[in-house]
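J.:
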Amino acid sequence: MTARYRVALSGDFRKPDGSPVYPDFDLEPLRRAPDVEFAYLEPANPVKAEQLADFDALILLAHRFTRETIHPNGRLAVVARFGVGYDTVDVDACTEAGIALVITPDGVRRPVAVSIIALMLALTGKLVIKDKLTRQAAAGFARRGDHMGVGLVGRTLGSIGIGNIGAELFRLIQPFGMRLIAHDPYADRKLAADLGVELVDLEEVFRRSDIVSVSCPLTPQTRHLVNGERLALMKPTAYFINTARGPIVDQKALTMALQERRIAGAGLDVLEQEPPDPDDPILQLDNVILAPHALCWTDQCFAGNGAADIRAVLDVQHGREPNLVVNKAVLQTERWRRRMSDFRARFGA
Ligand SMILES: NC(=O)c1ccc[n+]([C@@H]2O[C@H](COP(=O)([O-])OP(=O)(O)OC[C@H]3O[C@@H](n4cnc5c(N)ncnc54)[C@H](O)[C@@H]3O)[C@@H](O)[C@H]2O)c1
Numbered sequence: 005m006t007a008r009y010r011v012a013l014s015g016d017f018r019k020p021d022g023s024p025v026y027p028d029f030d031l032e033p034l035r036r037a038p039d040v041e042f043a044y045l046e047p048a049n050p051v052k053a054e055q056l057a058d059f060d061a062l063i064l065l066a067h068r069f070t071r072e073t074i075h076p077n078g079r080l081a082v083v084a085r086f087g088v089g090y091d092t093v094d095v096d097a098c099t100e101a102g103i104a105l106v107i108t109p110d111g112v113r114r115p116v117a118v119s120i121i122a123l124m125l126a127l128t129g130k131l132v133i134k135d136k137l138t139r140q141a142a143a144g145f146a147r148r149g150d151h152m153g154v155g156l157v158g159r160t161l162g163s164i165g166i167g168n169i170g171a172e173l174f175r176l177i178q179p180f181g182m183r184l185i186a187h188d189p190y191a192d193r194k195l196a197a198d199l200g201v202e203l204v205d206l207e208e209v210f211r212r213s214d215i216v217s218v219s220c221p222l223t224p225q226t227r228h229l230v231n232g233e234r235l236a237l238m239k240p241t242a243y244f245i246n247t248a249r250g251p252i253v254d255q256k257a258l259t260m261a262l263q264e265r266r267i268a269g270a271g272l273d274v275l276e277q278e279p280p281d282p283d284d285p286i287l288q289l290d291n292v293i294l295a296p297h298a299l300c301w302t303d304q305c306f307a308g309n310g311a312a313d314i315r316a317v318l319d320v321q322h323g324r325e326p327n328l329v330v331n332k333a334v335l336q337t338e339r340w341r342r343r344m345s346d347f348r349a350r351f352g353a
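According to our numbering, the stretch in the sequence shown is residues 5 to 353, in order.
1. Is the closest heavy atom of ligand 1 to the C-beta of Thr247 under 7 angstroms?
2. Can you give me the C-alpha to C-alpha distance between Pro221 and Phe145, rounded to a whole angstrom?
3. Does ligand 1 have even one heavy atom less than 7 angstroms from the beta-carbon of Cys220?
4. Where do the ends of the alpha helix (DSSP H) carrying Asn327 lie?
5. Suppose contacts are defined by Cβ-Cβ distances below 8 angstroms. Is Gly269 in contact with Val292 by that definition?
6. Nearest to Gly158 by CA position, among Ile185, Met152, Ile169, Ala196, is which residue?
7. What three-state label does DSSP hand Gly269 in the structure shown?
8. Can you tell me the Cα-Cα spacing of Asp110 and Gln140, whole angstroms?
9. What residue range is occupied by the uninterrupted alpha helix (DSSP H) comprising Leu131?
10. Beta-carbon separation of Ile107 and Val82 under 8 angstroms?
11. State yes or no: is the C-beta of Leu184 nearer than 7 angstroms to some heavy atom of ligand 1?
12. As a quick exercise: from Leu335, Arg342, Val317, Arg339, pick the residue whose alpha carbon is nearest that of Leu34.
13. Does any residue of chain C have a CB that is nearer than 8 angstroms to the CB of Ile121?
14. Could you please give the first and the last residue of the uninterrupted alpha helix (DSSP H) stretch that includes Ser119?
15. Relative to ligand 1, is the shortest distance from any of its heavy atoms to the C-beta of Thr2 smaller than 7 angstroms?
16. Assuming contact is defined by CB atoms lying nearer than 8 angstroms, are Pro280 and Leu289 in contact in what I supplied?
17. First and last residue of the beta strand (DSSP E) that includes Asn168?
18. Could you give the residue range of the beta strand (DSSP E) that holds Val201?
19. Kindly identify the DSSP beta-bridge partner or partners of Asn246.
20. Is there at least one non-hydrogen atom of ligand 1 closer than 7 angstroms to the beta-carbon of Tyr26?
21. Please determine, among Glu202, Asn168, Gly162, Gln263, the residue with the shortest C-alpha to C-alpha distance to Pro115.
22. Grab the span of the alpha helix (DSSP H) containing Ser345 for me, first residue to last.
23. If we ignore side chains and look at the alpha-carbon of each, how far apart do Val11 and Leu31 end up?
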């Protein structure tokens with residue numbers, strides 16, 4: 005009998021009581037797939053090699069996957085990240101071990117772009133402070149004129165990154181009548197032109213924007229790309245939004261800019277340290293709106309990521325090249341090709 009194709013889910017998909025963290029992630033397609041079985045790993049961060057000894061595929065939430073996570077038996081063929089950020093995965097180690105890394109841009113594109121807009125509207129509309137005022141009844145109503153919002157028509161939205169999420173932000177924001185600018189060294193110029201986005205250098209995004217939003221990956225080149233010098237270029241009336249990754253921003257510098265009211269405010273779904281230290285001064289500021297790296301978490305986001313990851317691991321089971329492989333070089337290796345033909349022989353193409 006052919007050994008089954010075994011799929012692991014990282015331990016952070018389950019709560020301590022064993023119930024799923026994200027019930028909207030539909031596992032039925034895995035349950036129904038012939039010759040497939042799946043199991044949750046015990047929580048371990050990073051994932052440990054011995055946990056993966058008997059698995060062909062891993063669906064990976066937020067836990068790290070390092071060089072040491074790779075078992076020497078060479079069985080694991082694919083890591084399917086539940087999302088698009090892969091700074092938690094050692095990509096070179098995957099490629100060397102003949103493991104494909106896939107991501108789920110279709111699942112996160114709309115939900116993250118929407119969460120950027122949610123932060124834009126909450127900041128410029130002074131939503132949080134107006135909520136607080138209302139709860140103070142007459143005293144709060146008396147002060148409502150002190151918190152005038154900022155209209156968006158004709159104002160400038162600048163994005164650092166115009167990829168999957170950055171482009172969707174610009175697509176969705178079209179009816180707001182804003183000026184659109186972006187910095188992205190690898191931008192698709194035609195896409196930018198089609199969306200009416202002017203491509204500019206990095207400093208210009210900070211200088212010109214009324215709202216600066218970050219949608220680039222965390223890499224050695226983008227770590228602390230948003231630093232004190234660049235924040236100093238921003239208008240005092242401008243807002244800063246980061247839904248990408250915390251360490252892209254020098255958070256100490258941002259905290260100072262906010263404390264000294266050198267910018268109007270910030271909306272952050274991501275922090276340099278997650279969860280933050282309870283004494284982190286950013287938690288005390290009234291000109292920042294915070295979310296626990298979860299603003300894009302919706303039923304539809306999880307359903308989309310889950311469906312894409314399951315599709316990818318089942319493609320590999322049948323020796324088909326999965327969509328959206330990050331380390332495309334792996335697909336050219338003899339090792340990968342042998343693996344795929346072995347899967348086709350075992351499970352059918
Ligand atoms: N908050 C969340 O829950 C959440 C969810 C999904 C994704 N993200 C983050 O958002 C990031 C962007 O996702 P995406 O799907 O749009 O990725 P993507 O790869 O499609 O787009 C990223 C863009 O950034 C550009 N870029 C690279 N280096 C740059 C630099 N130095 N300056 C400016 N632009 C640069 C790339 O050329 C690309 O166009 C991810 O890497 C991830 O870290 C966060």
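From the three backbone atoms N, C-alpha and C, an ideal C-beta is built for every residue, glycine too.
T.: Walking through what the data contain:
1. In the sequence shown, the residue the question calls residue 247 occupies position 243. Checking the Cβ of Thr247 against ligand 1 gives yes.
2. On the sequence shown, position 217 is the one that residue 221 refers to. On the sequence shown, position 141 is the one that residue 145 refers to. Distance between the alpha carbons of Pro221 and Phe145: 42 angstroms.
3. Looking up residue 220 in the sequence shown gives position 216. Within the cutoff, so yes.
4. Against the sequence shown, residue 327 aligns to sequence position 323. Note, Asn327: premise wrong, no alpha helix (DSSP H); not H, not E.
5. Indexing the sequence shown from 1 puts residue 269 at position 265. Indexing the sequence shown from 1 puts residue 292 at position 288. Yes, Cβ-Cβ distance for Gly269 and Val292 is below 8 angstroms.
6. Residue 158 sits at position 154 when you count from the first residue of the sequence shown. With distances taken between Cα atoms, Gly158 lies closest to Ile185.
7. Against the sequence shown, residue 269 aligns to sequence position 265. Gly269: strand per DSSP, three-state reduction.
8. Position 106 of the sequence shown, counted from the start, is the residue given in the question as residue 110. Position 136 of the sequence shown, counted from the start, is the residue given in the question as residue 140. Looking at the two C-alpha atoms, the distance is approximately 43 angstroms.
9. Position 127 of the sequence shown holds residue 131. 131-139 is the extent of the alpha helix (DSSP H) around Leu131.
10. In the sequence shown, residue 107 corresponds to position 103, counting from 1. In the sequence shown, residue 82 corresponds to position 78, counting from 1. No, Cβ-Cβ distance for Ile107 and Val82 is not below 8 angstroms.
11. Along the sequence shown, read from residue 1 onward, the residue named residue 184 stands at position 180. Leu184 Cβ: outside cutoff for every heavy atom of ligand 1.
12. Stepping through the sequence shown from its first residue, residue 34 is reached at position 30. Per the Cα distances, Val317.
13. Considering every chain present, this structure includes no chain C. It has just one protein chain.
14. Locating residue 119 in the sequence shown gives position 115, counting from the first residue. Where Ser119 is concerned, the enclosing alpha helix (DSSP H) stretches over 109-128.
15. In the structure as shown, the chain starts at 5 and stops at 353, and residue 2 therefore has no counterpart that could be examined.
16. What you label residue 280 is simply residue 276 of the sequence shown in a count that begins at 1. What you label residue 289 is simply residue 285 of the sequence shown in a count that begins at 1. Contact: no.
17. The residue given as residue 168 occupies position 164 in the sequence shown. First-last for Asn168: 168-176, but that is the alpha helix (DSSP H), not the beta strand (DSSP E).
18. Counting from 1 along the sequence shown, the entry for residue 201 is found at position 197. Here the beta strand (DSSP E) through Val201 covers 201-203.
19. Numbered from 1 along the sequence shown, position 242 holds the residue referred to as residue 246. For Asn246, which the question treats as bridged, DSSP gives the partners Val218, Leu272.
20. For this step, residue 26 is matched to residue 22 along the sequence shown. False, no ligand heavy atom lies under 7 angstroms from that Cβ.
21. What you label residue 115 is simply residue 111 of the sequence shown in a count that begins at 1. Nearest C-alpha to Pro115: Asn168.
22. As a working note, residue 345 is residue 341 in the sequence shown. Its alpha helix (DSSP H) spans residues 338-351.
23. Walking along the sequence shown from the start, residue 11 turns up at place 7. Walking along the sequence shown from the start, residue 31 turns up at place 27. Roughly 11 angstroms separates the two Cα atoms.
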